[in-house]
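Residue numbers (my numbering), protein chains in the order written: chain A, 1 to 348; chain B, 349 to 696.
Inspection log for the structure reproduced underneath, given as structure tokens.
2 protein chains.
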Amino acid sequence: MATLRDVAREAGVSVATASRAINGLGNVTAPTRAAVMEAVKKLNFVPHSGARSLTRRKTDTIGVILPDLFGEFFSEIIRGIDLVAHESGMHLLLGNMHGSSHETATVIASMRGRVDGLLLMPPEVKPEMLADNLDPALPTVLLNYDASTLDLPFVAVDNYHGAYTMTEALIERGARQIVHIAGPKHNRDARDRQRGFSDAMAKLVGERSPVILPGDFSEEAGAEAARLLVQGQLPADAVFAANDLMALGCILQLAEAGVAVPEDVMVAGFDDIPLARHITPSLTTMQVKIDRLGSTAMMLLLRLLRGDTLGTASANVLTPTLIARGTTGGPAGLARAAKIPTTETVRP
Amino acid sequence: MATLRDVAREAGVSVATASRAINGLGNVTAPTRAAVMEAVKKLNFVPHSGARSLTRRKTDTIGVILPDLFGEFFSEIIRGIDLVAHESGMHLLLGNMHGSSHETATVIASMRGRVDGLLLMPPEVKPEMLADNLDPALPTVLLNYDASTLDLPFVAVDNYHGAYTMTEALIERGARQIVHIAGPKHNRDARDRQRGFSDAMAKLVGERSPVILPGDFSEEAGAEAARLLVQGQLPADAVFAANDLMALGCILQLAEAGVAVPEDVMVAGFDDIPLARHITPSLTTMQVKIDRLGSTAMMLLLRLLRGDTLGTASANVLTPTLIARGTTGGPAGLARAAKIPTTETVRP
DNA sequence: TTGAGGCATGTAACCGGTTACTCTATTTTT
DNA sequence: AAAAATAGAGTAACCGGTTACATGCCTCAA
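Following this line, the structure appears as structure tokens:
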């Protein structure tokens, strides 16, 4: 592969001149520039970005570290990030800790010298652990992690209010005995959703200890919860699952047991995965625009890179939207759902 | 940020010794190494990967260039790639040409000096165009692109035989007048699937000009095809859509028109997206293990990087698997589908 | 005793670019 | 016409590591 030196020799100029010509800087006469460009073409020269970034101290790359790469959630985040990054000519270097939080330090370290900034979605680790490993000189934006103790900008989904809103909506539709299927205990999103649910129940119907079934965000967990519900003869007129997948598992299992949704019991989820629209009856859920999570974070990071000092971080909370569908008594059934391609939005 | 020079000074040794100590090479006494390590800790030194890769001429990064980042297809590919890459301590640098094929050259060029190898999924571009832009010295594996003219290794899905198999299966179940909903004309996958269908129809039932409706892989295109089918009174006992999304749109529209699936007409798709299992009736489809596409390509690339010369490329074709479900008369209905969590596989 | 061989360490070139600074020739100013 | 300013090009230091080679010291065989 040809280097800049080769080009300079071929064109009969110095490396400095060649560099200036190629980068379109001033102080190069037209004929000289033409000669250099010809040499570039002839030798098939492509600048070595690695070397360039070493001197420029700029890589035009941002590191994206995610706890996992599974499922739509992460691909949507990446898509959102890429959308903004691409506009600014930035590249994305993916780092994945594959769920093991002790890899965090390694992954962060390996980014040194490769990236201009970091988009980090930490697993459940202590803030101090992050503080120890993050390079304070490296612009960093956190995703889905409240970093109030560190003072880093972050973007998060307002799970608490989302869950509160959904619970409120269920109550408005007449539900009083709402059962919550919780997510993994160590998961912050899950905990926030549960809190939102509990607070709404306490405040709106005075129920201080609603039934909360354990779950882990999987379809099977939803089914298991439904079994508990049916076999245990628990009194319930609505089920609010901490995510759509569990809601789905629950609905299938209820159908299995002959429980009608939404007539006997309403069901609601959280996330609005594509499946939600298409199952029968279609699933009422809180829509989270996950790609926005990524693109917002990336925009924040770009501002950081530009040298802006970010103000309060409060503006970076994404509020989920209530999408009312069949499982809470809206238009149900395949045929009728098909008539309403765009989901309707109800916001109290 | 501390550099190796700082560490060396702090430890009272030369940069060479510091480098050796840190990288665990020989010829360093225990006390010296300890001193260096202490300095590393004290100064919080993290090696600058950019600089390191410049001298080592190795970046431990592979470039992944995809035509787009939309949807599950691409996220699954990335997941497959990452799975293998992570095991070998490789990083992933994402390049996205956002559908515009003229960006291909730019994106490939920008990878120079940043990556050790390339995983490239080209859009519909001429092979010569690729040959012009690819660095012959850079190990490259192509995804979903038959590169027989270039002699690059590639991994592809056997769309032709997949479609042939599905058509055969529909015929075995009694269908004779099968309508195909095609994908985008310029899309290679779509064309291969259509060929597989046409050939099977010609060979197995002697039908040389079966009905082929236009489509573009979208849900709406499937619905539109269904409308044509119903309004046009086309004789059909089965519909084979070039992908699941169109099959889905078709099913919804048929239900709308009062056509029973699978009783009046069978429907089949291609891809096996997660939705396929969950709609009612569940969708018969050809399962493509997309993550395998990514992981296989990555494994190939690793071998290339190790210096292996790859043999014939024939082994790198992934064959889709027939998944028979409700829309072709298998176990139908939500309740019964839930009883069979693992999909059953029928391979003639 | 002497020299060969081995080990720990240092010196400096190098990877492939960028850029501060220098030098020369030309143009502008007075 | 002489002095000053400026444009075009070159020299070499530098980014932050790695590593070939040189050096000095110690051990061991002859």
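Idealized CB from N, CA, C, for every residue including glycine.
- By the rule that beta-carbons nearer than 8 angstroms mark a contact, A:Pro-127 does not touch chain B.
- With contacts defined by Cβ atoms closer than 8 angstroms, A:Ala-223 and A:Ile-181 do not form a contacting pair.
- Contacts with chain B at 8 angstroms (Cβ-Cβ) do not include A:Ser-100.
- Checking the DSSP bridge columns, you'll see A:Phe-197 has no partner listed.
- Assignment of beta-bridge partners to B:Leu-440 by DSSP yields A:Leu-94 and B:Ile-410.
- Taken atom to atom, the span from the alpha-carbon of A:Val-317 to that of A:Tyr-160 is near 11 angstroms.
- In chain order, Glu-72 and Ser-75 make up the part of chain A whose C-beta sits under 8 angstroms from the C-beta of B:Glu-420.
- Of all alpha-carbon atoms in A:Met-201, A:Leu-310 and A:Pro-136, the one lying nearest the alpha-carbon of A:Ile-178 is that of A:Met-201.
- Taking all protein chains in view, the Cβ of B:Arg-654 is surrounded by fewer than 16 other Cβ atoms within 10 Å, so the residue is classified as exposed.
- Sequence-distant partners of A:Phe-74 (beyond 5 residues in either direction) whose C-beta falls short of 7 angstroms from its own C-beta, in its chain, are Leu-66 and Asp-68.
- A check of alpha carbon separations from B:Asn-444 across B:Ile-426, B:Ser-436, B:Glu-604 and B:Asp-430 identifies B:Ile-426 as the nearest.
- Within the region 42 to 86 of chain A, complete alpha helix (DSSP H) segments of at least 4 residues are found at 49 to 56, given in chain order.
- Cβ-Cβ distances below 8 angstroms link A:Pro-274 to Glu-72 in the same chain, with the five nearest sequence neighbours on each side left out; the list follows chain order.
- A contact between stretches requires three or more CB pairs, one per stretch, nearer than 8 angstroms, and the region 467 to 487 of chain B fails this requirement with the region 616 to 634 of chain B.
- Taking a C-beta cut-off of 8 angstroms against chain A, the contacting residues of the region 470 to 497 of chain B are Asp-483 and Ala-485, listed in chain order.
- B:Gln-635 is bridged by DSSP to B:Asp-619 and B:Thr-669.
- For B:Ile-413, the closest Cβ of chain A is not nearer than 8 angstroms.
- In terms of Cα proximity to B:Ser-397, the closest of B:Glu-520, B:Asn-375, B:Ala-359 and B:Thr-351 is B:Thr-351.
- It is roughly 41 angstroms from the alpha-carbon of B:Leu-482 to the alpha-carbon of B:Asn-375.
- Our two residues, A:Arg-227 and A:Leu-170, have alpha carbons roughly 21 angstroms apart in a direct line.
- With fewer than 16 other beta carbons inside 10 angstroms of its own, B:Gly-372 counts as exposed.
- Within the region 99 to 120 of chain A, Ala-109, Ser-110, Arg-112, Gly-113 and Arg-114 place their CB atoms closer than 7 angstroms to a CB of chain B, listed in sequence order.
- The beta-carbon separation of B:Gly-563 and B:Ala-511, rounded to 14 angstroms, does not stay under the 8 angstroms limit for a contact.
- Relative to B:Ala-382, the option among B:Val-355, B:Lys-406 and B:Val-615 whose CA is nearest is B:Val-355.
- Pairing B:Ala-433 with B:Ile-410, the inter-Cα distance amounts to about 8 angstroms.
- For A:Thr-140, the CB contacts under 7 angstroms within the same chain, skipping 5 residues up- and downstream, are Gly-117, Leu-118, Leu-120, Leu-134 and Leu-152 in chain order.
- Within chain B, no residue has its beta carbon less than 7 angstroms from that of A:Arg-56; the closest one is some 10 angstroms off.
- Taking a contact as a CB-CB distance under 8 angstroms, the pair A:Asp-244 and A:Ala-221 does not count as one, their CB atoms being some 12 angstroms apart.
- The DSSP-derived three-state label of B:Thr-488 is strand.
- B:Ser-557 counts as exposed, since fewer than 16 other beta carbons sit within 10 angstroms of its beta carbon.
- Taking 3 residues as the shortest admissible run, the region 209 to 287 of chain A contains the following complete beta strand (DSSP E) segments, listed from N- to C-terminal end: 238 to 241, 266 to 268 and 285 to 287.
- Its Cα nearest to that of B:Glu-358, the residue B:Val-388 stands out among B:Val-388, B:Ile-560 and B:Leu-490.
- For a cut-off of 8 angstroms, the C-beta gap from B:Val-613 to B:Ala-595 is around 12 angstroms, too long to register as a contact.
- Shown here for A:Ile-279: same chain residues with a beta carbon closer than 8 angstroms to its own, the five before and five after excluded, namely Leu-248 and Ile-251 in chain order.
- Contact with chain B is absent for A:Asn-243, since none of that chain's Cβ atoms lies less than 8 angstroms from the residue's Cβ.
- For B:Val-527, the enclosing beta strand (DSSP E) stretches over residues 526 to 529.
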